[in-house]
Structure formats: C-alpha cells, structure tokens
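Here is the structure we will look at, set down as structure tokens.
2 protein chains.
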Amino acid sequence: MNSFLLSLDVLDALKNIVGENRVKTDADSLENWGKDHTKYFAPHASAIVFPSSTEQVQAIVKLANHHAVALTPSGGRTGLSAGAVAHNGEIVISLDKMNQILEFFPADRMVRIQAGVVTEQLQDYAQEQGMYYPVDFASAGSSQLGGNIATNAGGIKVIKYGMTRNWILGLTVVTGKGDILRLNKGMIKNATGYALHHLFIGGEGTLGIVTEVEIRLDRQPQDLQVLVLGVPDFESVMPIMHAFRKEIDLTAFEFFNDLAMQKVLDHGLVQRPFETSCPFYVLLEFEAPYEPVIDKAMQIFEHCIEQGWVLDGVMSQSLEQAQNLWRLREDISESISAFTPYKNDISVLITHVPDFIAEIDSIVANNYPDFETCWFGHIGDGNLHLNILKPANLSNEDFFAKCEIVNSYVFEVVNKFDGSISAEHGVGMTKKPYLEFSRSEQEIEYMKALKKVFDPNLIMNPGKLLDF
Amino acid sequence: MNSFLLSLDVLDALKNIVGENRVKTDADSLENWGKDHTKYFAPHASAIVFPSSTEQVQAIVKLANHHAVALTPSGGRTGLSAGAVAHNGEIVISLDKMNQILEFFPADRMVRIQAGVVTEQLQDYAQEQGMYYPVDFASAGSSQLGGNIATNAGGIKVIKYGMTRNWILGLTVVTGKGDILRLNKGMIKNATGYALHHLFIGGEGTLGIVTEVEIRLDRQPQDLQVLVLGVPDFESVMPIMHAFRKEIDLTAFEFFNDLAMQKVLDHGLVQRPFETSCPFYVLLEFEAPYEPVIDKAMQIFEHCIEQGWVLDGVMSQSLEQAQNLWRLREDISESISAFTPYKNDISVLITHVPDFIAEIDSIVANNYPDFETCWFGHIGDGNLHLNILKPANLSNEDFFAKCEIVNSYVFEVVNKFDGSISAEHGVGMTKKPYLEFSRSEQEIEYMKALKKVFDPNLIMNPGKLLDF
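As they're listed, the protein sequences go chains A and B.
Okay, so the first sequence: first residue is 1 according to UniProt numbering, each after it adds one.
Okay, so the second sequence: first residue is 1 according to UniProt numbering, each after it adds one.
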C-alpha cells in the first residue's frame, strides 16, 4: 500500500478543509470505502474524506488538481460495475455526511436534497409528505441519490415512471476543474441552451461530483394490484403485455423463467402462486382505485387464457398477498447467489427481445449444454438480466473462464440487435473493455473530448468508463 | 445581397450532392426559407438546400467545413426566437424533403421518423395506429420534429406528459464536424456513458443537425373532461391545483387573467363560459374513463367553492363543449395579436409564481400605468406568458422602446427568483443578449467549450444561442 501514500502536505490540506476527524487513512476505512459491490478489482484508496458542503467538495477538487491526485466519488457503494472502486490510490470523496433533506416545495412536488441522501430515506420522506419517490430497486436501503444519478438508476417501476433521469429537475455539481455549477435550478421548462445536467446524469462521476439535487416527487400510487401469470412460451409474453397496456397503465411488467421460479421456491421463503408449472411467468402491477379497473383486468386475463397465452394465474387479494407475489420476482437474485451466477444486464428494443433471447439460449445450449440459464428482468422496458449458473462439478476458475467466452458471444448478439451492454448498472471498470459493442468509435471520441472539457487534468474518477 | 453570394464551386458542389432542383437561390426562396416566425432579423440566406438523406446532410456539412461557409438548419420555421433565421449569408439546410415516417415498433410504442416530419403528421400517424403523440401546441400544423427537438418544445400538456425531451428515445445526428452519430438507438435503458442525445435536444442546431428520430408514443387519452373555473384572486390558483392534483392526474392546468378572457370574448368566436366575471380563470383537463372520477372532480369543485377559491365554474358535457372551453385559452394569442403584444415566455418554480406575478405587475403598474397586461400560461409547470398590450395612442416605436426597459426589469425579477428567461421558445438571437440572467458565466463558458467539441469550425448555426 506504500505506493499509494499521500504526501503529508496533501493530508494536512485535506484535514484543513473538512476537519481532522473527517479524513480517514486506517486500513479498515480504506478497505471499506475504497470499494463498491463488485469484487473483481481490489480497493487501493489513499485516503477517505467526508465533506459536508458543496464548498468543501470544491476545495478538495481544487486541491486534487493542484497536486495531480485522482479522486473517486463515493455514495452508497452498491454499484455493480466497479464505478466507485478506488483501485489506483485515489482519494475517495464519500458523500456519507451530505445526507440532509434541505427543502420541500409542495406546489412544485419537488424536494432539494444533498446527494448523499439514501434512496429509502428519500422514499420515506416523500411518504411523510403524502408523496412518492418512484425509482425503486433492491439496494434502495443503502444506495445514495448521487450514485443513482451517476448511473441513471432504473429498477422495477421504469415502465410507468422512467429512470432516475426523469425525476431530476436540477443538480449542483463541482466539475473536475473545480467549478460549482447550479444546473437547471428545479425548473420543468427551461429552454436556455445545452442541458448540462443531463451529462452528469449517467456520467459515472467522471465529469464532476453531484453535491445537491432538486428532485421531483409524484402522488402516491393508489390500490396497487399484482397479477402473476404462467405462460407456455416466450412468444406469448409480448401479446400479454400488449393486451394489458392497451387498457390499463401498468406500473410494472416483469418476467422470469421456470428455473428462476424453481430457485426461489427451493430457497423456501415463498410459496408457489398456483399449481400449474409453466416455462415462463410474468408479474404485472397496476393501480386499481376503481372497481371497473379490476373488472377490466379480469376480462383481459380471460382473453389471454382463451388465446392460449396464459396457462394459469393469480391476482392479489390483499396488500400482504401482493407483497408475497412480488417476492417471487424480487427474491431471485438472493436465491441464486449460492450458484455463483455469471450476471449480465443488457437491453434491446422490446420488439427484438424474443429473437434475442432465443439466440442467446441457443448459443449457451450449443456450447455449454451443462449450464443452466436463469432469465429475468424488466421486460416492459427491454431490460434483461441473464444469469448463468455454475454447475456444481466445475471450479469457479473454469466456470469464469468459460463465461468470459460466453460474454463476447452475448455482446456480439447485443451489438447485432443494436442493444446496450449495460442497461442500468453502468460501465465503470467491468464493462469498459466492451463499450464499443454499444457505442461507436466516434461516439467514444466525443465522450473523451467532453470529459476533457469538464476535467482537463483527468483527476475525476479516472479509469472508469473511458480509457485515455 | 451580393455580399452573400456563394462561389460557383460551392453551388455546383451542393447541386452534385442533392440534385439540381434541390438547390434554390431565387429571391423568393431565400426570403421564405431564410426566416422563422420572428420578425426582428431580416433574412439573408445565400442558398436553400433540400437534402433527402442523412448522408446528403453529411456531405453538405463536410462541404461547409471545407469552404468555411455557415449553415442554418431549418424545420417548420415556426420558432419565436430567431433560431432558424439565416441572417448572415448562411446556407439554409431545409429538412422539408425528409418527412418520411420510417418504421413503427408496436411492442416498443415507438416510431422511427425523419426529422422533417411535421408534428401534426406524427400526431395523425399515431392516431391511425391507435396511439397518441402528446406534445402539442399552437403551431403543430407546421412545426417539424427536428425543430421541436432543437428547442425542446413544450406546450399545453407538459404537466402530464413532459417536454419533447421526454419522448425522444434516439437521435441520428450529423455533428458540426460532419460525423454521423446514432445516439441511444431507441432504448429506454442504456447506461453506457454520456447521454449525448440530450445535448442535441434543446441545442438549437448549434452542435449539429438531427436527421432521424426514434420517438415514443403513448396510449390514447380516454374520455377527456374539461373544467373552467373563475377565481377571485391569484392566491387561490395554487390551492385549486393542489386540491385536484392530489386526487386526479391532470392532463392540463392552464390559467389566464380577466383581460385575456375579455379579449377572446371581444374577438367574437367563443362565448362566456358562465355569467360571473372573475379576475382569473383556470382550465383543468383530466381523463375520466370511470364515473367515480367525475364524482370526485365534482366533490373537489364543491370543496373549492366552500373554501372561497372558486367563484363559478363549468364542466364540459360533450367533446364539442370541451373543445369550446379550450378555445377560451387557445384563442388568446390570436385575439390579442391586433394589440401588438410585447411577449415574454418565462418560467419560475411554481412555488414562486404568486410573488413573481405580483412583482412584475407592480413594476408595470408603477412605471407604465397605461399599459394593459395579459397573463396566461401553463401554470402547472411554472411557465408564464406575459403579454403587454400597446395602448392605442402610442406609436409602435415608442411602445417597443418602453418595453425594452420593461424587459430588463422582468429579467432581473426572473433572475432574482432563479427562473428561466425562455421556458419553451429557446434563445436563438432574440434572447441571446439576456442569457446571463438564466445561466452563469461559468455555465456559458462550458457551453462554448462543448460547442467547439462538436463544431470546431463554428459553421453550425453561428450567432444563435452563444457569441464567440
């Protein structure tokens, strides 16, 4: 670790900015705040700093420019692409102490917060105001808004509510150069030139650090109903979605295959929703504040049965049942974690999903007939989570080596269908070698040029997203 | 006009690219395609070209770089900020011949179009597919999607559907450098680095030209109901909006003052909605596919009456009545056009709207007691149209001179409330001198640096938005 020691000058200057007790260099802290949820890259941070204001962040960034030291912005460290791993001696700027909710604007349905606010904290605050923050996903209990913004987080309600981007009305950022910019200032309508805040959303902390956020809230959803349907083949999934969406605004449309269901049932915490075993399942959710909506849903359900698209199904009769049905989908990741799953987070146009899945399945079946493939995902927005499970008789090493080969096949198919190699997890370090499968060489050159505009000394999260 | 003559080399090269009959240099064409809906800047185009493909646009841009000739991208020419006026001998690239709807993706609720498609053409096409394109405004009959994207057009349904930005899933652009980029390719979820397409949305054609668009459609609205309410004072407008939005998803929430209503009635094409004359009016629209929604709306209406927020009101009983109620709002611009209105298109947080209006009213009343002020706008998103009417006894010249003074007062108040000097019309040339009232000096420097990344020779719509 000696190679990553900071000079005493820099350490003293950091302490001057944030205070003695807000700079950590002990081994435990360097390990803890030096990494995110990925495990492929070892953390090697040189220090962890905990600023409490935008001005302190600015002072740190200016210091880093002056001394040519790299910075890694850090939020809830739940990322899955190593976008917040300090791998090369970076100073980690943790937003943990910038977790204040600053001001609520009821007429605007908007709240101004510091970027270190945790997703669930925002969700709870919204609820206390009789409002709702709809971007939701498994790590909501620890992910921070700044990190959600850096990766444009999605999750399980995108079909109705869109991505994080859709809820951002303004950002305060410190650029890599050390300028404080207040971008868009909470306005819905503002046609005064380039929408700079949209570069920082999904920018993975490589252009600057988001310190404050103006974020939109929505009214609370009313009387959510959940349906789980068993489906005979993948070709039936799309007509089901189409039939429901034509009449009812869905708040979620998720799918998973039989293997995923089986693993959740084996896990032993939830029960089978109905007796019939089916190759695929879909989960639908929608608001039903009026009785006729339920009637309509039942009519569509019966129509789907008649058409042969649905073999069996169940609708929640209570909030508890609704929550249990959701667990069939939400517990998948946990239920398969013992099988060392090899994960991919990809998206294509919904139109292409059936062909895409068939092609990947056939590649895996032909090359690795002993591999089990767990498919699930947010099919209502073309986002698929492909999880290949490790056969028990294969070593981790051999399994990962084979999966690396599968990886390039998968990304070639993604490329063929004009899809995305990372739908919602970001690029970070893990997907960086594959960026060209989703972005053209020219696009990447423009991205590099933009990076240099905001961060000319390349001190801001270097090595993530782009190589120089 | 001689100073704007192109060399014969350039003219021949243009004809080689698009064909002899797709290059116009006659005086009528130069006048017609050389301007948009503004009248403050005289058109001085050197040629008008009508490409039919992205590749032809690319060839023109490369030619322009080679010969250092400036280009002005041109759509439906309905802009109100002189963003599409060829004022200094530019070659106008008209998208008029790129008006094809290319492909419909029902499962994705998406359509791929050329950027010269007219808004109404897209709306009609959507309707034929049983779908809906919700961005709507007065000039929908002639504005083109490329232009809507360049200014991030808003309009009357933003409270529910958002701005044009919200519907864009992908853009094909030719950058100022002459590169063709296919950005985001129609995906809902794509976390692979900087969202370059969001720079071109609202970029006013200064970074490049949008040639093709992947655009999202929505389901058709069901059983729209319209309410017009008379309000005793501006302070009551916000509680009304709050009371309705808490229970019902509004598709519009517009407001106008008594003077605006009076001018529309004087115009003689629509009737007074109810007898009571009120200082302010609001128009609400919402979907009511189920009877209980109407009941709920009536309950809220009665509550508003009891609270003294509403003096009188009417709800549409038929589609025709709904359309007539809408005309009370939509006919304002036409009804006041004879009074040479001095227009401003501004936005602030909804929270600040009451104080903002009071402050502007008091400035105008104190300084120009003989001026009449017509307020209307999309109050549900903080967007106000301030129209000052010319007193009959004042010459145009004197009136405009006085309004110029009002202008700087207005923008100082906008600045004080952290608002936008252009909510939906863009900056172009008319608002360029005032950009600093909404964007900081540093932001403007970053915008200039971004411009140079995409358009290093500054050939793309120069003189609009930014000065170099």
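No residue lacks a Cβ here, since even glycine has one placed at the ideal position from N, Cα and C.
Residue burial classification, Ser-438/B (beta-carbon count within 10 angstroms, cutoff 16): Ser-438/B should be labelled buried.
Roughly how many angstroms lie between the CA atoms of Glu-424/B and Lys-431/B, to the nearest whole one? Computed Cα separation, rounded: 12 angstroms.
Is it buried or exposed, Glu-20/B, if we count other Cβ atoms within 10 angstroms and call 16 or more buried? Taking a 10 Å sphere around the C-beta of Glu-20/B, we find fewer than 16 other C-beta atoms and assign the residue as exposed.
Check each residue of the stretch 132–147 of chain A: if its Cβ is closer than 8 angstroms to any Cβ of chain B, include it; give the result in chain order. Along the stretch 132–147 of chain A, there is no position whose C-beta sits under 8 angstroms from a C-beta of chain B.
Contact set between the stretch 344–376 of chain B and chain D, restricted to residues whose Cβ is under 7 angstroms from the partner: No chain D is present in this structure, whose protein chains are A and B.
Is it true that the CB of Leu-465/A sits closer than 8 angstroms to the CB of Gly-428/A? Taking C-beta atoms as the reference points, Gly-428/A and Leu-465/A count as a pair closer than 8 angstroms.
Note down, in chain order, each residue of its chain lying with its Cβ closer than 7 angstroms to the Cβ of Asn-324/A, except the 5 sequence neighbours on either side. Excluding residues within five positions, the ones whose Cβ falls inside 7 angstroms are Val-270.
Got a sec, what are the start and stop residues for the beta strand (DSSP E) Thr-110/B sits in? According to the sequence displayed, residue 110/B carries Met and not Thr. 110–114 is the span of the beta strand (DSSP E), which, as asked, contains Met-110/B.
Between Ala-115/B and Leu-95/B, is the Cβ-Cβ spacing less than 8 angstroms? It is a contact, given that the beta carbons lie within the stated cut-off.
Whose C-alpha, out of Glu-235/A, Ser-74/A, Ala-68/A and Leu-386/A, is nearest the C-alpha of Pro-341/A? Nearest option by C-alpha distance: Leu-386/A.
Within 8 angstroms (strictly less), CB to CB, does Phe-256/A reach chain B? Under the Cβ distance rule, Phe-256/A does not count among the residues neighbouring chain B, no pair being separated by less than 8 angstroms.
For Asp-218/B, tell me which candidate among Gly-162/B, Phe-50/B and Thr-206/B has the shortest Cα-Cα distance. Distance check between Asp-218/B and each of Gly-162/B, Phe-50/B and Thr-206/B places Gly-162/B closest, using alpha-carbon atoms only.
Endpoints, the beta strand (DSSP E) within which Ile-281/B is located: Sequence inspection shows Tyr at residue 281/B; the Ile mentioned does not correspond to that position. Unbroken beta strand (DSSP E) run through Tyr-281/B: 280–287.
Same chain, Cβ closer than 8 angstroms to Asp-455/B, five either side skipped, listed in chain order: Around Asp-455/B: Thr-175, Gly-176, Lys-177, Thr-206, Leu-207 and Gly-208.
Verify the CB distance criterion: does Asn-461/B have a CB-CB separation below 8 angstroms to chain A? With respect to chain A, the C-beta atom of Asn-461/B has no partner C-beta closer than 8 angstroms.
Mapping the DSSP letters down to three states, classify Lys-448/A as helix, strand or coil. DSSP places Lys-448/A in helix when its eight states are reduced to three.
By the criterion of Cβ-Cβ separation under 9 angstroms, what are the contact partners of Lys-246/A in chain B? Below the 9 angstroms Cβ cutoff, chain B contributes Gly-130 and Arg-219 as neighbours of Lys-246/A, in chain order.
Proximal residues to Arg-112/B (C-beta, below 6 angstroms), its chain only, five neighbours per side dropped: These residues qualify, in order along the chain: Leu-102, Glu-103 and Glu-214.
Shorter than 8 angstroms from the beta carbon of Ile-215/B to some beta carbon of chain A? With its beta carbon at least 8 angstroms from every one in chain A, Ile-215/B lies outside the interface.
Between the Cα of Gln-307/B and the Cα atoms of Ile-248/B, Pro-292/B and Ala-243/B, which residue gives the shortest distance? It is Ala-243/B whose Cα lies nearest to the Cα of Gln-307/B.
Along the beta strand (DSSP E) that carries Phe-41/B, what are the first and last residues, could you check? Where Phe-41/B is concerned, there is no enclosing beta strand (DSSP E), given that its DSSP letter is neither H nor E.
Check the Cβ-Cβ distances between Pro-73/B and every residue of chain A, and say whether any is below 8 angstroms. The beta carbon of Pro-73/B sits no closer than 8 angstroms to any beta carbon of chain A.
Using the C-alpha atoms, what's the distance from Asp-26/B back to Leu-5/B? Whole-angstrom Cα-Cα distance: 12 angstroms.
Per DSSP, Cys-304/B is paired with what? In the DSSP output, where bridge partners are listed per residue, Cys-304/B has none listed.
Within 8 angstroms of any Cβ in chain B, is that where the Cβ of Thr-151/A sits? For Thr-151/A, the answer is yes, since a Cβ of chain B falls inside 8 angstroms of its Cβ.
I'd like the list of long-range same chain contacts for Gln-100/B, defined as Cβ closer than 6 angstroms, with 5 residues on each side in sequence excluded. Counting only Cβ-Cβ distances below 6 angstroms, and skipping sequence neighbours, we find Gln-114.
Using the three-state DSSP reduction, which class does Pro-462/A fall into: helix, strand or coil? Shown here, Pro-462/A sits in coil according to DSSP, grouped into three states, outside any helix or strand.
When the Cα atoms are used, what is the spatial distance from Lys-62/A to Ser-53/B? Those two C-alpha atoms are separated by around 47 angstroms.
How is His-385/B classed by DSSP in three states: helix, strand or coil? Reduced to three states, the DSSP call for His-385/B is strand.
Are Gly-89/A and Ser-46/A close, meaning C-beta to C-beta below 8 angstroms? Taking 8 angstroms as the cut-off, the beta carbon of Gly-89/A is found closer than this to the beta carbon of Ser-46/A.
Kindly indicate if chain B contains any beta-carbon less than 8 angstroms away from that of Ala-260/A. Using a Cβ-Cβ cut-off of 8 angstroms, Ala-260/A does not count as an interface residue toward chain B, since no Cβ of chain B sits closer than that to its own.
Can you list the residues of chain A that Gln-442/B reaches, using a CB-CB cut of under 7 angstroms? Going along chain A in sequence order, the residues near Gln-442/B (Cβ under 7 angstroms) are Asp-179 and Leu-181.
Along the chain, where does the beta strand (DSSP E) that runs through Tyr-342/A open and close? That run of the beta strand (DSSP E) goes 342–347.
Taking the straight line between their C-alpha atoms, what separation do you get for Met-315/A and Gln-225/A? In a straight line, the C-alpha of Met-315/A is about 7 angstroms away from that of Gln-225/A.
Name the two residues that bound the continuous beta strand (DSSP E) containing Thr-72/A. Counting along the chain, the beta strand (DSSP E) containing Thr-72/A begins and ends at 71–74.
Extent of the continuous beta strand (DSSP E) to which Ala-47/A belongs: Note, Ala-47/A: beta strand (DSSP E), 47–49.
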